[in-house]
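Shown next, in structure tokens, is the structure this report addresses.
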Amino acid sequence: MSKVYFCVLALAFLFSELSNVEAKMTLSQMKSVAKPWSKSCASKVGMDDDLVAAHRRGEFPEDEKLMCYLLCQTKMSKIMDANDKIDLVTVLNQLSTVGEPANVERMMTAFETCLGKMTATEPCRLAYDYSKCYYEVDAEVLLYYN
Numbered sequence: 023m024s025k026v027y028f029c030v031l032a033l034a035f036l037f038s039e040l041s042n043v044e045a046k047m048t049l050s051q052m053k054s055v056a057k058p059w060s061k062s063c064a065s066k067v068g069m070d071d072d073l074v075a076a077h078r079r080g081e082f083p084e085d086e087k088l089m090c091y092l093l094c095q096t097k098m099s100k101i102m103d104a105n106d107k108i109d110l111v112t113v114l115n116q117l118s119t120v121g122e123p124a125n126v127e128r129m130m131t132a133f134e135t136c137l138g139k140m141t142a143t144e145p146c147r148l149a150y151d152y153s154k155c156y157y158e159v160d161a162e163v164l165l166y167y168n
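Residue numbers for the sequence shown follow the numbering used here, beginning at 23 and rising by one.
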């Protein structure tokens, strides 16, 4: 009887500890979540496949559709709020909740580096400048660049 009691107690402890473990998403998993944004945003702004392909190659032509495509993606990722402002608090909360610490640190470094350089007031231009800067700082962790 004491062995059964011990096993039940041990299992109860194990399950209670497992429920306290927070699963964090890998960079690959985070990019998979962001992947559908590309098609949706390209469709919303009427961006053609050639421009999408150029962007995926790391090109940032001064194109209004690309700029608004990036605005759509920054809004879908909650980087920019409904008032077209970059929202540091939301970004930090989201990333630290779902991302692995090493990736979050890299993302926040890129985010903070670029945030200080933003001067544009027009929303599409702001999203473009931010995304281009982020790509230049650390393209590997730019979620909607895939």
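Idealized CB from N, CA, C, for every residue including glycine.
Tell me, please, whether the stretch 74-81 touches the stretch 97-105 by the rule of three or more beta-carbon pairs shorter than 8 angstroms. no
Rounded to whole angstroms, what's the CA-CA distance from Val43 to Cys146? Just pull it up for me. In the sequence shown, counting from the first residue as 1, residue 43 sits at position 21. In the sequence shown, counting from the first residue as 1, residue 146 sits at position 124. In this predicted model, Val43 has a pLDDT of only 47, less than 50, meaning its place in the structure is not dependable enough to derive any value.
Nearest-angstrom Cα separation, counted from Leu137 out to Leu117: Along the sequence shown, one-based indexing puts residue 117 at 95. Along the sequence shown, one-based indexing puts residue 137 at 115. Roughly 16 angstroms between the two C-alpha positions.
Pick from Phe82, Met89 and Gly80 that is closest to Cys63, judged by C-alpha positions: Position 41 of the sequence shown, counted from the start, is the residue given in the question as residue 63. The residue with the shortest Cα to Cα distance from Cys63 is Met89.
Gly80 to Tyr157, Cα distance in whole Å? Numbered from 1 along the sequence shown, position 58 holds the residue referred to as residue 80. Numbered from 1 along the sequence shown, position 135 holds the residue referred to as residue 157. So the alpha carbons of these two residues sit roughly 8 angstroms apart.
Whole-number beta carbon distance between Ser153 and Leu92, since they are thought to touch under 8 angstroms: What you label residue 92 is simply residue 70 of the sequence shown in a count that begins at 1. What you label residue 153 is simply residue 131 of the sequence shown in a count that begins at 1. The Cβ separation is near 5 angstroms, so the contact holds.
What does DSSP give as the partner residues of Gly121 in its beta bridges? Taking the sequence shown and counting its residues from 1, the one referred to as residue 121 is at position 99. Gly121 is bridged to Met47.
Would Leu135 pass as a contact of Val111 if the rule is Cβ separation under 7 angstroms? Your numbering for residue 135 matches position 113 in the sequence shown. Your numbering for residue 111 matches position 89 in the sequence shown. Reading off the sequence shown, one finds Thr at residue 135, where the question assumed Leu. No, they are not a contact pair.
In whole angstroms, what separates the C-alpha of Asp151 from that of Ile108? Within the sequence shown, residue 151 is the residue found at index 129, counting from 1. Within the sequence shown, residue 108 is the residue found at index 86, counting from 1. Whole-angstrom Cα-Cα distance: 12 angstroms.
What do you reckon, are the CB atoms on Leu148 and Ala56 nearer than 7 angstroms? If you number the sequence shown from 1, residue 148 lands on position 126. If you number the sequence shown from 1, residue 56 lands on position 34. No; because the gap between Cβ atoms is not below 7 angstroms, this pair is not in contact.
How would you label Gly121, buried or exposed, when you count the other beta carbons within 10 angstroms and need 16 or more for buried? If you number the sequence shown from 1, residue 121 lands on position 99. Buried.
Alpha carbon to alpha carbon, what distance is there between Trp59 and Lys211? Nothing can be reported for residue 211: it is not among the residues displayed for the chain, which extend from 23 to 168.
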